[in-house]
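What follows is a single structure, written as structure tokens, with notes after it.
Residue numbers (the numbering used here), protein chains in the order written: chain A, 20 to 126; chain B, 169 to 286.
Spelled out as structure tokens, the structure:
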């Protein structure tokens with residue numbers, strides 16, 4: 020299986036901050052990388068697919084980038100509704116695997 | 169807007185069979201979507217179980233050692249998960265989800281907690 024490592028595992032930030040989350044993969048995966056947002060008690064929600072494509076109706080403050088084995092999710096200006104846990108997922112190989120998550124909470 | 173809803177027992181005995189159904193509304197199950205099951209635990213995080221296309225093509229996570237079976241019921245517009253020989257390690261929140269090929273999961277159910285205990 021392709022192993023996914025997210026960093027940091029948690030961070031504290033303020034409204035308006037720029038936040039960057041990193042996902043590293045154990046092998047190259049082309050652009051087969053998705054990002055999900057999960058709030059407590061809710062299902063994950065697809066934010067970004069294929070490394071940098073914003074899901075329909077997704078806020079433009081979210082962006083994805085990267086290549087090879089290192090990928091980033093950037094929130095340009097953190098909003099109150101963005102406090103959540105974020106997961107990366109590779110879909111390059113079966114089984115698809117997820118990172119351990121990055122919890123973003125309020126400073 | 170595709171809406172997914174899981175249903176099934178919340179408690180299963182060890183060595184028994186876990187059976188869950190996902191009802192799909194807002195779209196036909198015979199679309200271009202693949203239909204998946206994903207589970208989540210505090211220890212292991214998110215784990216993809218498998219996916220099925222309405223034609224019957226399926227892919228599974230090898231870690232489940234062939235214990236999982238996904239099936240599609242076109243007449244009821246739903247799909248199901250069957251997991252045999254369960255243990256406490258199968259206690260998790262189970263989600264059904266759907267999306268394009270290769271498990272890009274665009275739509276999710278709300279999730280259902282299944283506990284394996286005697």
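The C-beta atom is built at its ideal place from N, Cα and C for all residues, glycine as well.
Reference residue 271(B); option with closest CA among 103(A), 65(A), 93(A) and 95(A) = 65(A)
ask   = Counting Cβ pairs closer than 8 Å, one from the region 106-116 of chain A and one from the region 48-60 of chain A, do we hit at least three?
value = yes
message = Could you check whether the Cβ of residue 47(A) sits closer than 7 Å to any Cβ belonging to chain B?
response = no
inquiry  = Cβ closer than 9 Å: which chain A residues qualify as neighbours of residue 279(B)?
reply    = 60, 61 and 62
task = Using the DSSP secondary-structure output, state which residues sit across from residue 237(B) in a beta bridge.
result = Beta-bridge pairing links residue 237(B) to 250(B).
ask   = With respect to the beta strand (DSSP E) encompassing residue 206(B), which residues constitute its N-terminal and C-terminal limits?
value = Judged by DSSP secondary structure, residue 206(B) falls within the beta strand (DSSP E) whose first and last residues are 202-209.
inquiry  = Quick check on this structure: which residue in 285(B), 175(B), 194(B) and 222(B) has the alpha carbon closest to the alpha carbon of residue 254(B)?
reply    = 285(B)
inquiry  = Quick check: what's the CA-CA separation for residue 209(B) versus residue 262(B)?
reply    = 9 Å
inquiry  = For a quick check, are the C-beta atoms of residue 121(A) and residue 21(A) less than 7 Å apart?
reply    = no
ask   = Quick one: is residue 211(B) buried, meaning 16 or more other Cβ sit within 10 Å of its Cβ, or exposed?
value = A residue is called buried when at least 16 other Cβ atoms come within 10 angstroms of its Cβ; residue 211(B) does not meet this threshold and is exposed.
task = Compare the C-beta of residue 200(B) with all C-beta atoms of chain A and state if any pair is closer than 7 Å.
result = no
key: Below-7 Å beta-carbon distance, residue 229(B) vs any chain A residue   = Cβ-Cβ to chain A under 7 Å: yes for residue 229(B).
query = Mind listing which residues of the region 103-122 of chain A have their C-beta closer than 9 Å to chain B's C-betas, in chain order?
reply = 106, 108, 110, 111, 113, 114, 115, 116, 117, 118, 119 and 120
inquiry  = Taking the alpha-carbon of residue 97(A) as reference, which of 81(A), 35(A) and 31(A) has the nearest alpha-carbon?
reply    = Distance from the Cα of residue 97(A) is smallest, within the candidate group 81(A), 35(A) and 31(A), for 35(A).
Local conformation of residue 70(A) per DSSP, three classes = coil
ask   = Using a C-beta cutoff of 7 Å, does residue 174(B) count as contacting chain A?
value = By this cut-off, residue 174(B) is not an interface position.
request  = Using alpha carbons as the reference points, say which of 99(A), 123(A), 92(A) and 100(A) lies closest to residue 42(A).
outcome  = 92(A)
ask   = Mapping DSSP to helix, strand and coil, what is residue 232(B)?
value = Looking at residue 232(B) - three-state DSSP - the assignment turns out to be helix.
request  = Name the two residues that bound the continuous beta strand (DSSP E) containing residue 3(A).
outcome  = The structure shown does not extend to residue 3(A), since chain A is modelled only from 20 to 126, so the question has no answer here.
query = Taking Cβ positions only, does residue 50(A) come closer than 7 Å to chain B?
reply = no
query = Relative to the alpha-carbon of residue 287(B), which residue among 178(B), 172(B) and 245(B) has its alpha-carbon at the smallest distance?
reply = Residue coverage of chain B in this structure runs from 169 to 286, which leaves residue 287(B) outside it and unanswerable.
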